[in-house]
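Numbering (our numbering), first residue to last: 10 to 167.
Each residue gets a CB set at the ideal place from its N, CA and C atoms; glycine is no exception.
These notes are about the structure you will find just below.
Structure below.
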C-alpha cells in the first residue's frame with residue numbers, strides 16, 4: 010500500500026479527544042441505523058422507513074432507507090472501532106446533511122420542534138472526525154503503525 014495514501018486514510022495525531030468523540034457518536038449512529046435497517050430499538054425497519062422516506066420525497070424510499078441505515082449502522086460501528094474513521098465519518102456527515110435539509114431545517118433549530126440541532130451536532134462531530142481521524146486509540150492507529158511505520162518495509166514492497 011502506498012504509504013502516503015495510508016497516512017491520509019489512517020493517520021491521526023489525535024489522542025483521547027478522538028476517542029471521546031468516536032465512541033458515543035458511533036453508538037448513537039449505529040443505534041439509529043439499526044432502527045432503520047432492522048426495526049430495533051423501536052424503529053420501523055427498511056420497509057417502514059422506506060415508506061416514510063418516500064412520503065417526504067426521498068425516492069426510491071426503500072433504497073434511501075437502505076443507504077441511510079447502512080451509513081449510520083456500519084459507519085457508527087466503524088467509528089466505535091476507529092476503523093476507516095475518515096471515510097465512515099464523511100459518509101455519516103453527508104447523511105446528517107441530508108437529514109438536516111430534508112427533514113429538520115423547516116422546523117427551526119430546537120429538537121423540541123423536531124428541529125436540526127441534534128443532526129447539526131452529529132454533523133459537526135463527524136466533520137471533526139473526518140478531519141482529525143480516529144486518533145492513536147483506534148484500529149486506524151494500529152494499521153498506520155503497520156503500514157506507514159515499522160510494520161511495512163519499503164524495500165520489501167519495491
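Own chain residues within Cβ distance below 7 Å of residue 47, not counting five before or after = Reading the chain shown from its first residue, position 38 is the one you call residue 47. Contacts found: 54.
With a 10 Å radius around its C-beta and 16 neighbouring C-beta atoms as the bar for buried, classify residue 68 as buried or exposed.
-> Walking along the chain shown from the start, residue 68 turns up at place 59. It is exposed - the Cβ of residue 68 has fewer than 16 other Cβ atoms within 10 Å.
Could you please give the first and the last residue of the uninterrupted alpha helix (DSSP H) stretch that includes residue 118?
-> The residue given as residue 118 occupies position 109 in the chain shown. No alpha helix (DSSP H) contains residue 118, which DSSP labels as neither H nor E.
What are the boundary residues of the alpha helix (DSSP H) that includes residue 147?
-> Position 138 of the chain shown holds residue 147. It is not in any alpha helix (DSSP H) - residue 147 carries neither H nor E in the DSSP assignment.
Give every residue of the same chain whose Cβ lies closer than 6 Å to the Cβ of residue 140, excluding the five residues on either side of it in the sequence, and list them in chain order.
-> If you number the chain shown from 1, residue 140 lands on position 131. Closer than 6 Å at the Cβ level, and outside the excluded window around residue 140, lies no residue.
Compare the C-alpha of residue 108 against each of 92, 52, 27 and 131 and name the closest.
-> By one-based count along the chain shown, residue 108 stands at place 99. The option with the nearest alpha carbon to residue 108 is 131.
Taking C-alpha atoms, which residue in 102, 71 and 36 lies nearest to residue 59?
-> The sequence position of residue 59 within the chain shown is 50, counting from 1. Measuring from the Cα of residue 59, the nearest candidate turns out to be 71.
Out of curiosity, what's the CA-to-CA distance linking residue 101 and residue 149?
-> On the chain shown, position 92 is the one that residue 101 refers to. On the chain shown, position 140 is the one that residue 149 refers to. When rounded, the distance between both Cα atoms is 17 Å.
What's the C-alpha gap between residue 143 and residue 57?
-> Indexing the chain shown from 1 puts residue 143 at position 134. Indexing the chain shown from 1 puts residue 57 at position 48. Approximately 34 Å, taken between the alpha carbons.
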